[in-house]
Ligand SMILES: *Cc1c(COP(=O)(O)O)cnc(C)c1O
């Protein structure tokens, strides 16, 4: 039986083999494993691509979030960490790291419900929360989930009105856009991930921080190397959180293909959309046939609304088709956030979608025929009662 994995990194490697092998060979020749030339080359290339003054390579997307928050605490409060009374608004329907980073930076996450169409944080609910609770709120972390932008002008307006910082979690949306601007260039600071399953993935862990703010950039650069300009005499509580040369070299080689690959992701999402049109029992991503401009489809996620999500997943697995549930548990239901996070009102949509979402294979190099097999299998299941 032919297997259809969520993505096929071997296929991608074959496709870019020459570039990647050359990049690795150059590293083998120069042997500069820490802060080698590829790190700065990648930082410069991505900064130009995103349209920001500074990009700083870091060891993961999670660290990119923590470092961003720590730099904000240092810059805004003159403190190493936020205080527990400092609240940061974010979504409960995201990867663990988004909320965890808030705790690691000393602050309290406030989970606000999502919009049921985009699955991103609900702007109206943020506004509602801020009416009565703005006094301790210091910032907002919008997450561009599945490659889909948050409506950033509304978020930026609210932030300006209440004097809040905005940290964009761009882990799933490298290359994504909002009204002609690249995601990660709109808020005060942005956090990217090069985890292998992201749109721009390395051969291991890696991440990046983007910002126009010179001071934040300077602090992040210190924090990734133990907290000082000179690591033998440091100013702050730092980390060893550098992006290593080899990852930078691989990501830089793959970066050449990012626009082509993002375009292919959209092509695949459109094949799915057309294939599923009129099918009962599922809701398409963004609830529409046409993909919004700027969506980079890190995932193609349907909602199975007839209560048979797990059954469908099991059935597809039996046919060799991999699927994933991103995410099965909303953050506010996790033990780690009990007593450490706040919930605004009820998170009805977040609690509903965790039981309905199913992400289907999306690999930029898959042929139409492969996607049609998945469509056929999903249709077959849903049409039999
Ligand atoms: C993947 C991801 C992260 C963390 O990135 P890592 O590189 O795995 O540490 C953070 N936020 C979101 C939304 C993610 O999808």
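Residue numbers (the working numbering): 214 to 598.
Glycine included, C-beta positions come from ideal geometry on N, C-alpha and C.
The C-alpha of residue 458 lies about 18 Å from the C-alpha of residue 267. At least 9 Å separates the beta-carbon of residue 361 from that of residue 407.
In chain order, 458, 461, 462 and 465 place their CB closer than 6 Å to the CB of residue 251, counting only its own chain and leaving out the 5 sequence neighbours on each side. Using a 10 angstroms sphere on the CB of residue 242, the tally of other CB atoms stays under 16, which defines it as exposed.
In the DSSP assignment, residue 571 forms a beta bridge with 515.
The shortest C-alpha to C-alpha distance from residue 260 to any of 510, 421 and 597 is the one to 421.
A straight-line Cα-Cα distance of about 46 Å links residue 497 and residue 291. DSSP places residue 352 in the uninterrupted beta strand (DSSP E) bounded by 350-354. Residue 309 carries a helical assignment under DSSP once its states are collapsed to helix, strand and coil. In its chain, beyond the 5 residues on either side, 381, 383, 397 and 423 have a beta carbon closer than 6 Å to the beta carbon of residue 403.
Taking 9 Å as the cut-off, the beta carbon of residue 572 is found closer than this to the beta carbon of residue 219. Under the DSSP assignment, residue 324 falls in the beta strand (DSSP E) whose first and last residues are 321-325. Restricted to the segment 542-587, the beta strand (DSSP E) segments that are unbroken, complete and at least 3 residues in length are 570-573, listed in chain order. Ranked by Cα distance from residue 501, the first of 329, 233 and 581 is 329. In this structure, ligand 1 has no non-hydrogen atom nearer than 8 Å to the beta-carbon of residue 361. Residues 504 of the same chain have their beta carbon placed closer than 7 Å to that of residue 483, with the five preceding and five following residues left out of the count.
With respect to the 9 Å criterion, residue 489 and residue 495 are classified as neighbours on the basis of their beta carbons. In this structure, the C-beta of residue 413 stays at least 8 Å away from each heavy atom of ligand 1. Between residue 437 and residue 271 the beta-carbon gap is near 6 Å, inside 8 Å, which marks them as a contact. When the beta-carbon positions are compared, residue 262 and residue 395 come within less than 9 Å of each other.
By the CB criterion at 9 Å, residue 387 and residue 353 fall outside the cutoff.
Counting along the chain, no alpha helix (DSSP H) covers residue 384, and no H or E run does either. For residue 408, the CB falls within less than 8 Å of some heavy atom of ligand 1. Taking a cut-off of 8 Å for Cβ pairs, the segment 470-481 and the segment 300-320 do not touch, as fewer than three such pairs fall below it. Within 8 Å of the C-beta of residue 520 there is not a single heavy atom belonging to ligand 1.
Judged by DSSP secondary structure, residue 304 falls within the beta strand (DSSP E) whose first and last residues are 300-304.
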